[in-house]
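The structure appears below as structure tokens.
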Amino acid sequence: MINNKHIKRLILPAILALVITSCEKNEDVPQPSINGVSTPATYSFERNGSSSVSYSGQTERLDQLGEIKSKLKLADAGNQILGTDLLAMYANTNGNGSGNFSFSSTKQLEDKTFSPDVSYFQDILTSAANASNNGANNITAANGTSGLLTRGNNNTILVDENGFEFTQVFEKGIMGATLFYQIANVYTTEEKIGPSVDNTALVDGKNYTKLEHHFDEAFGYFGAPVDYKANYSGSDVVRFWAHYAKEFEANIQLSNPLMNAFKKGRQAIVDNRRDVLDEQVQIINEQLDRLIAACAIHYTNAALNASNNGDRMHVLSELYAFTRSLRYSNPEFRKYTITEIDALVDKYIGTNLWNVTPNGLNSLKDELSSVYNWNAVKDIL
Numbered sequence: 001m002i003n004n005k006h007i008k009r010l011i012l013p014a015i016l017a018l019v020i021t022s023c024e025k026n027e028d029v030p031q032p033s034i035n036g037v038s039t040p041a042t043y044s045f046e047r048n049g050s051s052s053v054s055y056s057g058q059t060e061r062l063d064q065l066g067e068i069k070s071k072l073k074l075a076d077a078g079n080q081i082l083g084t085d086l087l088a089m090y091a092n093t094n095g096n097g098s099g100n101f102s103f104s105s106t107k108q109l110e111d112k113t114f115s116p117d118v119s120y121f122q123d124i125l126t127s128a129a130n131a132s133n134n135g136a137n138n139i140t141a142a143n144g145t146s147g148l149l150t151r152g153n154n155n156t157i158l159v160d161e162n163g164f165e166f167t168q169v170f171e172k173g174i175m176g177a178t179l180f181y182q183i184a185n186v187y188t189t190e191e192k193i194g195p196s197v198d199n200t201a202l203v204d205g206k207n208y209t210k211l212e213h214h215f216d217e218a219f220g221y222f223g224a225p226v227d228y229k230a231n232y233s234g235s236d237v238v239r240f241w242a243h244y245a246k247e248f249e250a251n252i253q254l255s256n257p258l259m260n261a262f263k264k265g266r267q268a269i270v271d272n273r274r275d276v277l278d279e280q281v282q283i284i285n286e287q288l289d290r291l292i293a294a295c296a297i298h299y300t301n302a303a304l305n306a307s308n309n310g311d312r313m314h315v316l317s318e319l320y321a322f323t324r325s326l327r328y329s330n331p332e333f334r335k336y337t338i339t340e341i342d343a344l345v346d347k348y349i350g351t352n353l354w355n356v357t358p359n360g361l362n363s364l365k366d367e368l369s370s371v372y373n374w375n376a377v378k379d380i381l
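Residue numbers (our numbering): 1 to 381.
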């Protein structure tokens, strides 16, 4: 099932190993590199005494995702919600989600989502609103019936007739189809940061070049503070993909490799080092792909250990969304095609979470661990 067409991954192992090793050094000071491009201490860059970094649009979209999740969690708590509200938030109608956002913005999640999947996420939101009627009437979910399930912490979740928790499938799904997709298939591609993208003239009225700004936008979708590093203890919020790198740091150690690749890639742009930028883009894409696989493996373990239906459907929904998110990898660096990922999901998870088996979960865990080199930690993630 592994796509071996792109052999460029095989000719850079020595460079990649050296870069990842350097990523694991103390991040309190800039790190020198044998190729002459330093790794800055933070994702902070200036020109003429002012910041040249800008990714406010990405921050606004992360905020929107957080508020859509909060709206869905109202339904988890047994409240009825409206599909029109959810769809307005996804498309950011009227610049404030038709009054459902706590802030105004010209940005939206819908138009940045992998376009063939927009209707898929719209359907999730519409179905969540419809199912919230059952939740509001305190109907307990069962195979074939949407409703509420109680978790071990006594919180309830709203699931559809096949056991999928709307909140988790939407949030984790958008992390893949929008946040990861934009990093891997838009902002780290040749169209946005290739040799033809201007890195000399400043964008009109701005303090950055097009190349700098596009790379900053990729970083913005990662969800990390500018001073993020392994075992981050700063005051800023760590969100979405950066959050999961931090959560699993003890077992997978991807926080520094990813953050250092973003910092060093941006420095390479400042230094006009195309070769170094290309190396860092490869690291970002390959290690984000591995992070998603690690998330999926973690939730196979959580599902195998779940002691009640509420907990089980909760983590199975996350497992489903994370595994499905592997389909958004950049074709140049991916290990599976979209068709292969869809087949993997169909084989081991399927369309009804009530029917998922321990054998299927263990088989999925074994395959992902082998393909993504997580065998050493697959049982403790």
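Backbone N, C-alpha and C define an ideal beta-carbon position, used for all residues, glycine too.
Would you give the residue range spanned by the alpha helix (DSSP H) that residue i belongs to?
{"i": "G388", "result": "Outside the shown range of the chain, which is 1 to 381, sits residue 388, and nothing can be said about it."}
{"i": "Y221", "result": "210-222"}
{"i": "Y187", "result": "Careful: Y187 lies outside any alpha helix (DSSP H) and carries neither H nor E."}
{"i": "P358", "result": "358-371"}
For residue i, name the three-state secondary structure that DSSP assigns.
{"i": "L149", "result": "strand"}
{"i": "T200", "result": "coil"}
{"i": "L381", "result": "coil"}
{"i": "I157", "result": "strand"}
{"i": "R324", "result": "helix"}
{"i": "A141", "result": "coil"}
{"i": "T351", "result": "coil"}
{"i": "A177", "result": "helix"}
{"i": "G78", "result": "coil"}
{"i": "F114", "result": "coil"}
{"i": "G99", "result": "coil"}
{"i": "S329", "result": "coil"}
{"i": "E24", "result": "Unreliable placement is indicated for E24, whose pLDDT of 37 sits below 50; the coordinate value is still reported in the next sentence. In this structure, E24 counts as coil in the three-state DSSP scheme."}
{"i": "A376", "result": "helix"}
{"i": "G194", "result": "coil"}
{"i": "S70", "result": "helix"}
{"i": "S56", "result": "helix"}
{"i": "K172", "result": "helix"}
{"i": "Q64", "result": "helix"}
{"i": "R334", "result": "coil"}
{"i": "S317", "result": "helix"}
{"i": "Y120", "result": "helix"}
{"i": "L109", "result": "coil"}
{"i": "G205", "result": "coil"}
Which residues does DSSP pair with residue i in a beta bridge?
{"i": "R47", "result": "S50"}
{"i": "A129", "result": "DSSP, once it has assigned bridges, lists no residue as partnering A129."}
{"i": "E165", "result": "V159"}
Shorter than 8 Å from the beta carbon of residue i to some beta carbon of chain C?
{"i": "A177", "result": "The structure shown contains no chain C; it holds only a single protein chain."}
Let me know the alpha helix (DSSP H) ranges lying completely inside the stretch 226-309, each 4 residues or longer, listed in chain order.
-> 240-247, 249-252, 255-270, 274-305
State whether the stretch 214-231 contacts the stretch 186-202, with contact taken as three or more CB pairs (one from each stretch) at a distance under 8 Å.
-> yes
Given 8 Å as the limit, is there contact between the stretch 293-308 and the stretch 357-374, that is, 3 or more CB pairs closer than that?
-> yes
Determine contact between the stretch 158-165 and the stretch 323-342, defined as no fewer than three beta-carbon pairs at a distance below 8 Å.
-> no
For the stretch 48-61 against the stretch 200-207, are there 3 or more C-beta pairs whose distance is under 8 Å?
-> yes
Segment contact, 8 Å Cβ cut-off, at least three pairs: the stretch 116-136 with the stretch 310-318 = no
May I ask you to verify whether the stretch 140-157 touches the stretch 257-266, counting CB pairs closer than 8 Å and requiring at least 3?
-> no
Three-pair Cβ contact test at 8 Å for the stretch 75-82 versus the stretch 104-119 = no
Taking three-plus beta-carbon pairs below 8 Å as touching, is the stretch 269-288 in contact with the stretch 132-141?
-> no
Meets three-Cβ-pair contact criterion under 8 Å: the stretch 104-113 and the stretch 170-186 | yes
Is there contact between the stretch 77-95 and the stretch 60-68, where contact requires at least three CB pairs shorter than 8 Å?
-> yes
Do the stretch 124-134 and the stretch 94-112 meet, that is, are 3 or more Cβ pairs less than 8 Å apart?
-> no
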